[in-house]
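Engineer: Chains as they are written, first to last, in the numbering used here: chain A, 852 to 1344; chain B, 12 to 161; chain C, 11 to 333.
For every residue, glycine included, the Cβ atom is placed at its ideal position computed from N, Cα and C.
Being a predicted model, the structure only gives us computed values, none of them experimental.
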């Protein structure tokens, strides 16, 4: 069988498709407004006429490339190309401000590779065991996972926790807009048809991160000196390697786990990894100022999701995230039905996917490292020319997601809001997190009560629920405990 | 920063009160299952609580931490002009068309920011606009043709 | 200055040619002489999107200036369908209309959408609700399930509140005289996942959506809410055979704005009905478990009217109307 798989995958045709896929993915991922999901959906019709293995691997290449590609624009321009890169923008852009974008991109590429490989290994070695986990998730577990995710606001709030909670609350409040998923009641739509399906998340994110940053740049555009970028430093130094090897594999595992949970995608994987890296760091106060961990953790985490999302998909036909849902469609078009039968009836295909995904990650590493110098050149364009171009990218990106001009207005509105929030020293990332996790928390809380017919005991009924409860308390309480212990230590000493 | 914090807290409190006022009119809970208004009210209360915490923290803030927030200097006024220009661009874009409005918008901003010769600004703007138009329109299949020009 | 002139003339040339193409006059016998866009009111990669893309692919030879699929999402389909209904009535915009066209206006979230804004070209495919339970559940027939629902509350998952599979479950409950505990999910996939995990008792989504799990032996279908047995699954009974006279399902078809000239409608019908018979489209539909169900414009128009009345009555009775 091994020989069959090798024969199946090691052909020039498959290699070409994977390279094409990863390349397309990196390009799509680095453009704001074009997400990994959209990239895979755009390439999908091409695979209709292809054989199963090259077709699926082309799509997986796009997926892996796009999740990585988002970090490039996040680091260089503070414009997360995909939501998965929103956490990377926190520390990544600080590197570029110092002229170390090459170093940041190097760390991001290698961490993405490590995260991806860890998840492929998990996919290959233990997917049947892990797959069952996905089915254990019911409404209460989803709710508690979302609450745990929201507790991360505490670690990405910047200088003031109160402001972070305000901003997170703003994000959750925005997510209320649209048709309520439990009763069908239209909330905060003000009779506007564009708000019926809710606030589009991508335009808000582009506005808060990229557009507000562009406005801030305008402030000093006539006076600021151009920061010269140190292009040479792409390969990480010894100390950076130490950080990467310590952070990325753990983040890859966290990402894999988040990927397995249906409905939780790469953006959550990245934020959870970032928060955990900060939690267990010896110098949590340095996060957000541009340190290697701040890139290695989210990048390892979001690429970890790629393999994780395929675990329930291949083993049970249950999509781990939006991209996996499209991949199910792609497999069905080929006349293959993802699920338990796939492993027994099409073993060669399944193992070819594993091997192909590994190759896709290697391709991503090679393509990424070899083109980093080219990416960094973007920053050699003077700010006075680059900033107006970013305006156009933000506009086109937010239009492209739903081909709706209303979204462009939303983007502009939140760009302006985000600018004033920066002025008032309010960090914007909690709003993004609230917007992602708010609906997951609310709908599952109410769905759980609908299932239990009003009884709250459903939230304490399973071990998974307890795990998340404890993790949440741990995340929220830990800073107080450590500072208490430190204070006591001092007193004793 | 002190004044800014008070403004932030005030705006958020007003926002939260509006949420609560609207949510109170939503259908009530049904057999123990929270209705559409419950979460908005919880989150709005949380916002009010955090805003109050922020106000208290700001009152206790040492004078040394009270950095000044610049909202009126010439540099910031330039930002306001930029915002206004983009709003005009956004209003014209769907009605006039992508290539025309975007080229003009780029020329004006690049000329303003960089003070380069006109022909350079125009060349850069046209090339970039066409590149984006064809990348999104032809390669990525995003419909880019709208407006009475293009 | 010279360079600027060269540049401007170049720009004029490019814009001129693009403009000329966009403004080409559309007349009935030369149709389609310009580019045509096909509007999908749901996101790229979803079931409706895939059907439209496969159909457009099969018909692309008939559109010399290209047919492009555009996803205009939002409002549960209302945004895209409203856009299509209000487009220029010259055949340059064809919209994929779905059953939501006759359900959204009654739930109060249709934003002014109405089925008579469209002239239907043809129906492409249909899918009926399949009452599906876990393979190891104690219920082996629809009667078992309904009887059990009389004594205990059954948790029945659907793809969203007010969505077609919610209406299907509610319609069955009404006919059988029982009440279900309807659990809405964000789409069919999470509902099926929840059923697989044993967190709910049944789902009422389409057969295509559960087919792979049924084939794998994880789920079983008790009955389909179809007027007659589905040819792909001849041994699954219909609810009607079992004494519950209810048939609820979704359909997808093509429509153009009402004012579109008849010759263009006829031309579109001939193009798309040929495409629907092509090998590539038929293969695609079979492999993706979709059932081709072609209906010409006039009969489709009648079906729209009948379904519109049926859903209006059902939604009002269920109290699903908002505001």
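#1: Would you report the Cα separation of residue 911 of chain A and residue 867 of chain A, rounded to the nearest angstrom?
#2: Comparing the C-beta of residue 27 of chain C with each C-beta of chain A, is any distance below 9 Å?
#3: Would the beta-carbon of residue 1146 of chain A fall within 9 Å of that of residue 950 of chain A?
#4: On a CA-only basis, which of A:1312, A:1314, A:1267, A:1121 is nearest residue 1060 of chain A? Give me that one, please.
#5: Run through DSSP, which three-state label would residue 142 of chain C get?
#6: Between which two residues does the beta strand (DSSP E) containing residue 72 of chain C stretch?
#7: Taking DSSP as the reference, what is the three-state secondary structure of residue 146 of chain B?
#8: Identify every residue that forms a DSSP beta bridge with residue 105 of chain C.
#9: Which bits of chain B does residue 80 of chain C rub up against, with CB to CB less than 9 Å?
#10: Name, please, each residue of chain A whose Cβ falls closer than 7 Å to the Cβ of residue 63 of chain C.
#11: Confirm, please, whether the CB-CB distance from residue 1062 of chain A to residue 1262 of chain A is below 9 Å.
#12: So if I threshold CB-CB distances at 7 Å, which residues from the region 66-92 of chain C count as touching chain B?
#13: If you draw a straight line from the alpha carbon of residue 1013 of chain A to that of residue 1022 of chain A, how long is it in whole angstroms?
#14: Quick check on residue 21 of chain B - is its C-beta less than 9 Å from some C-beta in chain A?
#15: For the region 97-158 of chain B, which segments carrying the alpha helix (DSSP H) assignment without a break, of at least 4 residues, lie completely within its bounds, in sequence order?
#16: Going along chain A, which residues have a C-beta under 8 Å from residue 8 of chain B?
#17: What three-state label does DSSP hand residue 128 of chain C in the structure shown?
#18: Listed from N- to C-terminal order along the chain, which residues in the region 1019-1048 of chain A have their beta-carbon within a distance smaller than 7 Å of any beta-carbon of chain C?
#19: Residue 1235 of chain A versus chain B: which residues are under 9 Å apart at the beta carbon?
#20: Taking the straight line between their C-alpha atoms, what separation do you get for residue 1317 of chain A and residue 996 of chain A?
#21: Does the beta carbon of residue 59 of chain C sit closer than 9 Å to a beta carbon anywhere in chain A?
#22: Determine, for residue 47 of chain C, whether the minimum Cβ-Cβ distance to residues of chain B falls below 9 Å.
#23: Measuring only between beta-carbons, confirm whether residue 1154 of chain A sits less than 9 Å from chain B.
#24: Note down, one range per segment and in chain order, each alpha helix (DSSP H) of at least 4 residues found wholly within the region 933-985 of chain A.
#25: Decide if the region 248-258 of chain C is in contact with the region 182-199 of chain C; the criterion is three or more beta carbon pairs, one per stretch, under 8 Å apart.
#26: Where does residue 192 of chain C land, buried or exposed, given buried means 16+ other C-beta within 10 angstroms?
#27: Using a Cβ cut-off of 9 Å (strictly closer), state whether residue 1295 of chain A contacts chain B.
#28: Since I believe residue 947 of chain A is in contact with residue 927 of chain A (beta carbons under 8 Å), could you give me their beta-carbon distance rounded to a whole number of angstroms?
#29: Can you tell me whether residue 1038 of chain A is helix, strand or coil according to DSSP?
#30: Here's a check: name, in chain order, each residue in its chain whose Cβ is nearer than 6 Å to the Cβ of residue 73 of chain C, leaving out the five neighbours to either side.
#31: Based on the DSSP output, what are the partners of residue 80 of chain C in its beta bridges?
#32: Check whether the Cβ of residue 962 of chain A lies closer than 9 Å to any Cβ atom in chain C.
#33: Which same chain residues end up closer than 7 Å to residue 36 of chain C when comparing Cβ atoms and leaving out the 5 residues on each side of it in sequence?
#34: Can residue 1026 of chain A and residue 1049 of chain A be called in contact, C-beta distance under 9 Å?
#35: According to the neighbour-count rule (16 or more other Cβ atoms, all chains shown, within 10 Å of its Cβ), is residue 72 of chain B buried or exposed?
#36: Between residue 31 of chain B and the rest of its own chain, which residues show a CB-CB distance below 7 Å, the 5 nearest in sequence each way excluded?
Structural biologist: Looking at the coordinates:
#1: 13 Å
#2: Low per-residue confidence applies at residue 27 of chain C: pLDDT is 42, beneath 50, and the placement is therefore not dependable enough to give any value.
#3: no
#4: A:1267
#5: strand
#6: Looking at the DSSP string, residue 72 of chain C is not in any beta strand (DSSP E), and its letter there is neither H nor E.
#7: Residue 146 of chain B falls in the helix class under three-state DSSP.
#8: C:49, C:265
#9: 152, 153, 154
#10: Within chain A, the C-beta atoms nearer than 7 Å to that of residue 63 of chain C come from 896, in chain order.
#11: yes
#12: 78, 80
#13: When rounded, the distance between both Cα atoms is 14 Å.
#14: no
#15: Here the runs fully enclosed are 109-125, 129-145.
#16: Since the displayed chain B opens at 12 and closes at 161, residue 8 of chain B lies outside it and no answer follows.
#17: strand
#18: Listed by position along the chain: 1030, 1032, 1033, 1034, 1035, 1036, 1037, 1044, 1045, 1047, 1048.
#19: 120, 121, 123, 124, 125, 126, 127
#20: 10 Å
#21: So, interface residue.
#22: yes
#23: no
#24: 937-948
#25: Counting C-beta pairs closer than 8 Å gives three or more between the region 248-258 of chain C and the region 182-199 of chain C, which meets the contact rule.
#26: Looking at its Cβ environment, which holds 16 or more other Cβ atoms inside 10 Å, residue 192 of chain C is buried.
#27: no
#28: Contact annotation, residue 927 of chain A with residue 947 of chain A: C-beta distance approximately 6 Å; criterion of less than 8 Å satisfied.
#29: strand
#30: 42, 46
#31: C:49
#32: no
#33: At residue 36 of chain C the pLDDT is 46, less than 50, meaning the model places this residue with poor confidence; the figure from the coordinates comes in the next sentence. Closer than 7 Å at Cβ, skipping near neighbours: 43, 44, 100, 101, 102.
#34: yes
#35: exposed
#36: Excluding five sequence positions before and after residue 31 of chain B, the CB atoms of its chain that fall closer than 7 Å to its own CB belong to 52, 55, given in chain order.
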